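S.K.: Can you read through this structure? Questions will come right after.
2 protein chains.
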Amino acid sequence: MPNPRLFSLKSESIPRATIQRLALYVQVLEDLQREGSDVISSESLAKACDVNPSQIRKDLAYFGEFGVRGVGYYIQDLIASLKRCLGIDHTWKTVLVGVGNLGRALLNHKEFKLRGFEIIGAFDCDPFKIGEEVSGLEVMCTKRLMEKSHELGVEIGIITTPPERAQRAANHLVEAGIKGILNFAPARITVPEHVVLEYVDFFHHLYSVAFNITLAQQK
Amino acid sequence: MPNPRLFSLKSESIPRATIQRLALYVQVLEDLQREGSDVISSESLAKACDVNPSQIRKDLAYFGEFGVRGVGYYIQDLIASLKRCLGIDHTWKTVLVGVGNLGRALLNHKEFKLRGFEIIGAFDCDPFKIGEEVSGLEVMCTKRLMEKSHELGVEIGIITTPPERAQRAANHLVEAGIKGILNFAPARITVPEHVVLEYVDFFHHLYSVAFNITLAQQK
DNA sequence: CGGATTTTGTGAATAATGTAACAAAAGTGG
DNA sequence: CCACTTTTGTTACATTATTCACAAAATCCG
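So the sequences go chain by chain: S and A.
Under my numbering, think of the first position of the first sequence as 2, with each following residue one higher.
Under my numbering, think of the first position of the second sequence as 2, with each following residue one higher.
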């Protein structure tokens, strides 16, 4: 029975944590591949990722069977399968809104393209920034988002504005028909049900570090 | 019975997710405070944070009692309490290793000081970068980390090197007696038990966006 | 070719986390 | 000052996630 998809999605809802771990597996597997490894067992991979071997097997089981019993997983195949599962077997057309310090850093970040995300547009509402060239892209007025997005077929938007302008940026992106948003601004935003939304707030992680240090010191 | 600490830590281990949410509560509460609110119920805060009200009350209960029954929580007091719980009632002395695009962006990020983290040193192993001034700091050779850290009393280190140099940066930080590390490099690193380690990998979040878009499209 | 060995995939057991429900406390108004 | 309302803090319950344990599959080697 030919299936257009590589994986079968056995379960209805996949834990969010599983997705995060799959991303980690891909990262670690690619490192291992560069180091020349060919096959790996769930146990070894688990050690490298600092998780439980069963966890890995179960995470994979959500999508199908990728290993060979008695042998392990062929790294190259597994990477390809996982990428397909995660939806990064092709390049996602991405735009960025908010060309501040962080925005510039991301625009200059070479890894995006390597990892399956191509930033093809940079937007800002500051007239002084519009027209400026950053990393081979001409910064455009946020108002032109809709027009340009449709023209370019953009699917994902990255928000790197100051917090007070994050909601406005999100509105523009939604209007432009974007399917998913990654928000770096430290502000909660609301988007329609059908738009996928994720937050990156490294301060939360810093808080976590601070908390755990404090905890350790109190013991 | 006078207690030197504000909170009592009723439970042994606090869920990691709780800490992340406490950070979120602080962020949202500070927004509400700026908007002029004075008191808030767990229900309203829950709505603003997009979590369950019981969740908030339970998260707070790990640390003590901060509300007034029939009234709610005094925002100013709650912010102060939460900051104390998280260990950000004072400023953490922080250094950054790896002055690339991302490193520069973080060094220029004004919010760090506001949020309780002061970056007081920037390090890199590239001779061309050493001596350069970034955001009022002179970039120093990574080899001088130990000497400088002790001199300045540094507690937290941020790694923004390329992945292949992340472990080396971590080693230097550990040698320098750092207590916690926030690693932005897309590479797993190992540190001694007593050092707190957190990762920030926004690609994982991007993967998550890509996955959820794919999922929505398949439905 | 078949027993020994390895390692997966998975169902059952356990642990952790999140949600609901409610009694206890504080304020309010007659 | 006492019923009534509100909203917390907390216990009990439900759900979800993780780990264990083992049968099924694949390879290897004598």
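For each residue, glycine too, the CB sits at the ideal point set by N, CA and C.
Keep in mind it's a predicted model, so treat the numbers as computed, not measured.
For a contact meaning CB atoms closer than 7 angstroms, what does R116 of chain S contact in chain A?
M.R.: Within 7 angstroms Cβ-Cβ: F204.
S.K.: Would you report the Cα separation of V98 of chain A and L183 of chain A, rounded to the nearest angstrom?
M.R.: The alpha-carbon atoms of V98 of chain A and L183 of chain A are separated by roughly 10 angstroms.
S.K.: Taking the CB atoms as reference points, tell me whether S242 of chain S and Q56 of chain A lie closer together than 8 angstroms.
M.R.: This structure cannot settle anything about residue 242 of chain S, because the visible part of chain S is limited to 2 through 220.
S.K.: For my contact list, L107 of chain S and L23 of chain S are in at a C-beta cut-off of 8 angstroms; report their separation, rounded to the angstrom.
M.R.: Contact flag wrong, Cβ pair sits at about 23 angstroms.
S.K.: Looking at the C-beta of R166 of chain A, does it have a partner C-beta in chain S at a distance below 8 angstroms?
M.R.: No, its Cβ sits nowhere closer than 8 angstroms to a Cβ of chain S.
S.K.: What does Y63 of chain A reach in chain S if we use C-beta pairs closer than 8 angstroms?
M.R.: Those do not exist, as Y63 of chain A stays about 11 angstroms from chain S at its closest Cβ, beyond 8 angstroms.
S.K.: Among the candidates S:V192, S:A217, S:I214, S:L207, whose CA atom is the shortest distance from the CA of D51 of chain A?
M.R.: Closest option to D51 of chain A, Cα to Cα, is S:V192.
S.K.: Tell me whether Y74 of chain A sits in a helix, a strand or coil according to DSSP, three-state version.
M.R.: In this structure, Y74 of chain A counts as strand in the three-state DSSP scheme.
S.K.: Can you check whether the C-beta of N109 of chain S is within less than 8 angstroms of a C-beta belonging to chain A?
M.R.: Closer than 8 angstroms: yes.
S.K.: What residues of chain S sit near G37 of chain A, judged by a beta carbon separation below 9 angstroms?
M.R.: Those within 9 angstroms of G37 of chain A in chain S number zero; the least Cβ separation is about 15 angstroms.
S.K.: Interface residues of chain A around G88 of chain S at Cβ under 7 angstroms?
M.R.: Here the neighbours are A211, F212, I214, T215.
S.K.: Looking at the structure shown, is G104 of chain A part of a helix, part of a strand, or coil, going by DSSP?
M.R.: G104 of chain A: helix per DSSP, three-state reduction.
S.K.: Does the beta-carbon of P187 of chain S have 16 or more other beta-carbons within 10 angstroms, so that it is buried, or is it exposed?
M.R.: P187 of chain S is buried by the Cβ-count criterion.
S.K.: Residues of the region 173-193 of chain A in Cβ contact with chain S at a cutoff of 8 angstroms, in chain order, please.
M.R.: The residues in question are K180, G181, I182, L183, F185, P187, A188, R189.
S.K.: Going by DSSP in three states, C142 of chain S sits in which element: helix, strand or coil?
M.R.: Residue state, collapsed to three classes: strand.
S.K.: Check I52 of chain A in the structure and name its three-state DSSP category.
M.R.: Note that residue 52 of chain A corresponds to Val in the displayed sequence, not to Ile. In this structure, V52 of chain A counts as coil in the three-state DSSP scheme.
S.K.: Could you check what DSSP says for L7 of chain A in three-state terms: helix, strand or coil?
M.R.: For L7 of chain A, the pLDDT reaches just 44, beneath the cut-off of 50, and the residue's location in the model is therefore unreliable, although a value from the coordinates is still provided. Note: L7 of chain A maps to coil in three-state DSSP.
S.K.: Comparing the C-beta of D51 of chain S with each C-beta of chain A, is any distance below 8 angstroms?
M.R.: So, interface residue.
S.K.: Which one of S:I131, S:F129, S:I80 has the shortest CA to CA distance from R116 of chain S?
M.R.: Comparing Cα positions, the closest option is S:I80.
S.K.: Indicate the three-state DSSP secondary structure (helix, strand or coil) for A188 of chain A in the structure shown.
M.R.: Residue state, collapsed to three classes: coil.
S.K.: Flag this pair as yes or no: are the beta carbons of H110 of chain A and N102 of chain S separated by less than 8 angstroms?
M.R.: Against a cut-off of 8 angstroms, the Cβ pair of N102 of chain S and H110 of chain A comes out as a contact.
S.K.: Which class does I121 of chain S belong to by DSSP, given the choice of helix, strand or coil?
M.R.: The answer is strand: DSSP assigns I121 of chain S an E or B state.
S.K.: N213 of chain A: which of S:W93, S:L146, S:M147 sits nearest, CA to CA?
M.R.: Considering only alpha carbons, the answer is S:W93.
S.K.: In terms of DSSP beta bridges, what is K94 of chain A paired with?
M.R.: K94 of chain A is bridged to A:E119.
S.K.: Considering only residues of the same chain and omitting the five flanking positions on each side of R6 of chain S, which have a CB-CB separation below 7 angstroms?
M.R.: Only weak support exists for where R6 of chain S lies, its pLDDT of 41 falling under 50; the value from the coordinates is given anyway. No residues qualify anywhere along the chain.
S.K.: Show which residues of chain A have a CB atom less than 9 angstroms away from the CB atom of Q56 of chain S.
M.R.: Simply none; closest approach about 15 angstroms.
S.K.: Tell me, which residues are paired with L198 of chain S by DSSP?
M.R.: DSSP output for L198 of chain S lists S:I182 as bridge partner(s).
S.K.: Measuring alpha carbon to alpha carbon, tell me which residue in S:F204, S:K180, S:Y26 is nearest E194 of chain S.
M.R.: Of the candidates S:F204, S:K180, S:Y26, the one whose C-alpha sits nearest the C-alpha of E194 of chain S is S:K180.
S.K.: So, does the CB of Q34 of chain A fall closer than 8 angstroms to a CB anywhere in chain S?
M.R.: So no, Q34 of chain A is outside the interface.
S.K.: Which residues mark the beginning and the end of the beta strand (DSSP E) in which I157 of chain S is found?
M.R.: I157 of chain S -> beta strand (DSSP E) spans 157-160.
S.K.: Please decide whether H195 of chain S counts as near chain A, where near means a Cβ-Cβ distance under 8 angstroms.
M.R.: Taking Cβ atoms only, chain A reaches closer than 8 angstroms to H195 of chain S, which makes this a yes.
S.K.: When DSSP labels each residue in this structure, what does E152 of chain S get in the three-state scheme?
M.R.: Looking at E152 of chain S - three-state DSSP - the assignment turns out to be helix.
S.K.: Going along the chain, which residues of its own chain have a beta-carbon closer than 7 angstroms to the beta-carbon of F204 of chain A, five neighbours each way excluded?
M.R.: Same-chain partners within the cutoff: P187.
S.K.: So is L25 of chain S in contact with chain A if we call contact Cβ pairs under 8 angstroms?
M.R.: At least one chain A Cβ lies under 8 angstroms of L25 of chain S.
S.K.: Please list the partners that A170 of chain S has in chain A, where partner means a Cβ-to-Cβ separation under 8 angstroms.
M.R.: Chain A residues near A170 of chain S: none, gap ~15 angstroms exceeds 8 angstroms.
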